[in-house]
Amino acid sequence: MKAVEYGVTTFNYNELPPPPNCPPLSTSAFKHAGTVPKSTISASSSDADKKQRMVTLLKARQTELKTAALKAKETGNLDLAKTHLRAAHSIDPMIQSIEAGIPIDLSQLPKSPSAMGALGADGGSNDSVGLAYKGPVLTGITCDPPRTFELTMSTTEDKHLRQQVLSDQFREQAREAEKLAVRLTQVGFGELAGKVTELAKISYASLKAVRSDVPYYFEWANLPQLNVNHDLAERKLEVCVLRGFVYPIPPDVAGADKLDTQVEVHLPIPSSDNPQKHITEWVKHTRDPDYSNTVSLFDVDTKSRSFQFLVKNNRGLRASVFYSRGLFRSARLLGTANFSLKDLVHSATISPIADLMEGRKAVGGRLQIRVRQRSSGSGPQVIACRKPWLCLSFPKSVPPSVKYVGPKTMGHETSGSSHHSTSGSRTSPDMRVSADGHREHSPRTMVVSADNRNESVSSGDSRHHQSSYKLYSLTVLKSDRTQTEQYLRDPQLTHADRHKYEHRLRVINDLIEGLQHRLLGPDASTQLKTYVNELNALADETDRKYRDAKRRGAESDMTEYKRRLELILGELDYYQKKLRA
């Protein structure tokens, strides 16, 4: 070092001790230090672009949270506003880390306000808890992708890397479904195991289509889960402190990177005066700690009256979060989270979330735990666990005698096939675009060409559907297009939502184009008569859905079906007058 100060630059680097975990230094490594290979420049440029995209996404999430905080403040919900603001500020260290070239854990990124709103009032998640399993595995209801998947795809422009992310997701889903099918088979649920096995086969089959650039989407899957934990004894209750979310920074702590916390769990059994306690390890330098390596076993007879009384009377665990104040100073209480165990009546495993409190005042931040018992008190043997499931939008296989009719050829190849969506690369053939962004599965699963009309296949009730074609209204489609265009003008729209709405707008435009082509073609008079009959059938179907929603008390569905019915009846009246003229 002194030689460098005097201008000496030639050394025998082999005599220097190598740095820890590094190979020995060599003089040849420094001969052409000024020459940088083109591949290195290209790689560094790609890394810089990815870094910039990641920073842009993080700043967009930060803006989204700050906007939500402002809206919550305007509505008078100051606690929610503070929560969103703390979450927004917690992104600053992530941005600084990325700019410094330090990798970050994307799973620690605060959720968007819409995802936070999906949490229940008691802090629980929106997954099904203790509900008996029924219905199909795939619900047909689209949902947002997992945060890590969404950010990875958003920050990756390379086609092959994006395909690799999709392939990894499909393989993970297939392995999960296979393991679940094995467990279900072992305990005698062969029918459910068959459903899950089919799900695994679909994921494996989708791997072959990943390189064909088929559009993908996520929908909710109700995976059947055994409502029993065979690895636990009857007299054991397992409590795992999972993670904390956006802890407040105490005034005597310099910053989020100086916050060290631990959690003490109290179970008031055998009594409140003599509770059982377990303490986690210290988690350092973060306000979003992960305690998931700490598992505590409490000695509890889950069949005893005292435990049943504790569960049914909405009492349960208390978790106290402590923070370190430095060397030779005792830890101080940051906040207390109280967890209800009432869901253990129906479920063997629960994962509640609770706010940190100081008395009756929320101090900010949340804590999540997982509680497991061997079996539930009175719950079903199998419950539904909801999670996002990756799917591709390619058409399902159909018999050779049935062919799909696109909007470009509908006017010539069919006399009654109204408005099929575009080719399978756009959307699934049995999918209807609705105004709320969900997929509505039509009772008619296929569009049949004119020469095969008598071989049509219908899974719906023939009393309500007089043809085997999908029914659409030109007025309703135009209304949906206007509404979708309004959604796309929202500057706060997430990348995933924007992709979904743009895809929906393309589908709607193709449907409108196909309808107009039918009604303005060479056989317009015949097509108009057919279209009027289809509008009558569609009005009957919409009226039936409206009455069904009214019977269920679904106000939002009632409003939507009533709006659509009014549009359909207005259009029907117009074309009937046109026919009479």
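For the sequence shown, UniProt numbering assigns the number 1 to the initial residue and increments by one for each residue that follows.
Virtual Cβ for every residue (Gly too), placed ideally from N, Cα, C.
- Beta-carbon separation (whole angstroms), Ile353 vs Arg366, contact threshold 8 angstroms: The C-beta separation of Ile353 from Arg366 comes to about 5 angstroms, placing the pair in contact by the 8 angstroms criterion.
- Message: Bridge partners for residue 657 per DSSP, in chain order?
- Response: Because the chain spans 1 through 581 in this model, residue 657 falls outside it and cannot be assessed.
- Task: Using the Cα positions of Gln52 and Ala200, report the straight-line distance between them to the nearest angstrom.
- Result: Each residue's CA atom was taken as its position, placing Gln52 and Ala200 some 37 angstroms apart.
- Query: Tell me, which residues are paired with Gly244 by DSSP?
  - Reply: Gly244 pairs with Leu367.
- Message: By the three-class DSSP mapping on this structure, what secondary structure does residue 599 have?
- Response: Since the first residue shown for the chain is 1 and the last is 581, residue 599 is missing from the structure and cannot be characterised.
- Message: According to DSSP, is Asp290 part of a helix, a strand, or is it coil?
- Response: Here Asp290 carries a strand assignment [DSSP, helix/strand/coil].
- Got a sec? Which residues, its chain only, sit under 7 angstroms from Ala435 by beta carbon, not counting five neighbours each side? Because Ala435 carries a pLDDT of 38, less than 50, the predicted location of this residue cannot be relied on, and the following value inherits that uncertainty. Here the set comprises Asp480, Gln483 and Glu560.
- Item | Rounded C-alpha distance that separates Thr155 from Met54 | As the crow flies, the alpha-carbon of Thr155 is around 6 angstroms from that of Met54.
- Task: Look at Val283 and Asp273 and say whether their C-beta atoms are less than 8 angstroms apart.
- Result: In this structure, Val283 lies away from Asp273, with their beta-carbon atoms at least 8 angstroms apart.
- Leu344: buried (16+ other C-beta within 10 angstroms of its C-beta) or exposed? Looking at its Cβ environment, which holds 16 or more other Cβ atoms inside 10 Å, Leu344 is buried.
- Message: Does His160 pass the burial test, meaning 16 or more other C-beta atoms within 10 Å, or should it be called exposed?
- Response: That one is exposed.
- Item | Separation of Leu520 from Ile91, as counted between CA atoms | Distance between the alpha carbons of Ile91 and Leu520 is about 55 angstroms.
- Query: Which of helix, strand or coil does DSSP assign to Leu341?
  - Reply: Under the three-state reduction of DSSP output, Leu341 falls in the coil class, being neither helix nor strand.
- Item | Inter-residue CB distance, Gly364 and Lys82 (contact presumed, cutoff 8 angstroms) | With 8 angstroms as the limit, Gly364 and Lys82 qualify as a contact, their Cβ atoms being about 6 angstroms apart.
- If you draw a straight line from the alpha carbon of Val263 to that of Glu281, how long is it in whole angstroms? Pairing Val263 with Glu281, the inter-Cα distance amounts to about 8 angstroms.
- Would you grab the beta carbon distance between Ala87 and Val246 for me? Rounded to a whole angstrom, and I think it's under 8 angstroms. Contact between Ala87 and Val246 holds, since their C-beta atoms are separated by about 5 angstroms, short of 8 angstroms.
- Query: Is Tyr182 helix, strand or coil when you go by DSSP?
  - Reply: The question names Tyr, but residue 182 is Val in the sequence shown. DSSP places Val182 in helix when its eight states are reduced to three.
- CA-CA distance, Arg563 and Leu569? Each residue's alpha carbon lies about 10 angstroms from the other.
- Do the region 215-233 and the region 137-150 touch if we need at least three Cβ pairs shorter than 8 angstroms? Taking 8 angstroms as the limit for Cβ pairs, the verdict is that the region 137-150 does touch the region 215-233.
- Item | Other residues of its chain near Glu571: CB distance less than 7 angstroms, five sequence neighbours each side excluded | Ser473, Leu474, Thr475 and Leu535, listed in sequence order.
- Message: Which residues does DSSP list as the beta-bridge partners of Ala221?
- Response: According to DSSP, which records beta bridges pairwise, Ala221 is partnered with Leu138 and Lys387.
- Message: Quick check on this structure: which residue in Lys387, Cys240 and Val382 has the alpha carbon closest to the alpha carbon of Ser351?
- Response: Per the Cα distances, Cys240.
- Determine the direct distance from the alpha carbon of Arg518 to that of Thr542, and round the result to whole angstroms. One alpha carbon belongs to Thr542, the other to Arg518, and they sit about 23 angstroms apart.
- Please look up how many angstroms separate the CB atoms of Gln108 and Asp288, rounded, as I've assumed it's under 8 angstroms. Contact holds; Cβ gap of about 5 angstroms.
- Message: If you reduce the DSSP assignment to three classes, tell me which class Glu238 lands in.
- Response: Glu238 carries a strand assignment under DSSP once its states are collapsed to helix, strand and coil.
- Task: Measure the C-alpha to C-alpha separation of Asp548 and Glu566 and round it to an integer number of angstroms.
- Result: Rounded to whole angstroms, Asp548 to Glu566 spans 17 angstroms at the Cα level.
- Message: Using a Cβ distance threshold of 8 angstroms, determine whether the region 192-212 contacts the region 163-174, with at least three qualifying pairs required.
- Response: The region 192-212 is in contact with the region 163-174.
- Message: In whole angstroms, give me the CA-to-CA distance for Ser525 and Ala581.
- Response: Cα to Cα, the separation comes out at about 12 angstroms.
- Take His89 as the anchor and find which of Glu198, Tyr575, Thr286 and Ile141 has the nearest alpha-carbon. Ranking the options by Cα distance to His89, first place goes to Thr286.
- Pull up the DSSP beta-bridge partners for Ile353, would you. DSSP lists Gln368 as the bridge partner or partners of Ile353.
- Quick one: what's got a C-beta closer than 6 angstroms to Thr302's C-beta in the same chain, skipping five residues either side? Once the five neighbours on either side are set aside, the close Cβ partners of Thr302 are Gln373.
- Measure the CB-CB distance between Gly244 and Val321 and report whether it falls below 8 angstroms. Yes, they are a contact pair.
- Message: Would residue 611 and Ala181 be called neighbours here (beta carbons separated by less than 8 angstroms)?
- Response: Missing from the structure shown is residue 611; the chain here goes from 1 to 581 and no further.
- Message: Tell me the DSSP secondary structure of residue 589 in three-state form.
- Response: Residue 589 cannot be examined here, being either before or after the span of the chain that is shown, 1 to 581.
- Query: Glu264 by DSSP, collapsed to three states: which one?
  - Reply: Under the three-state reduction of DSSP output, Glu264 falls in the strand class.
- Classification of Gln516 by the beta-carbon crowding that lies within 10 angstroms, buried from 16 upward: The C-beta of Gln516 has fewer than 16 other C-beta atoms within 10 Å across all chains shown, which makes the residue exposed.
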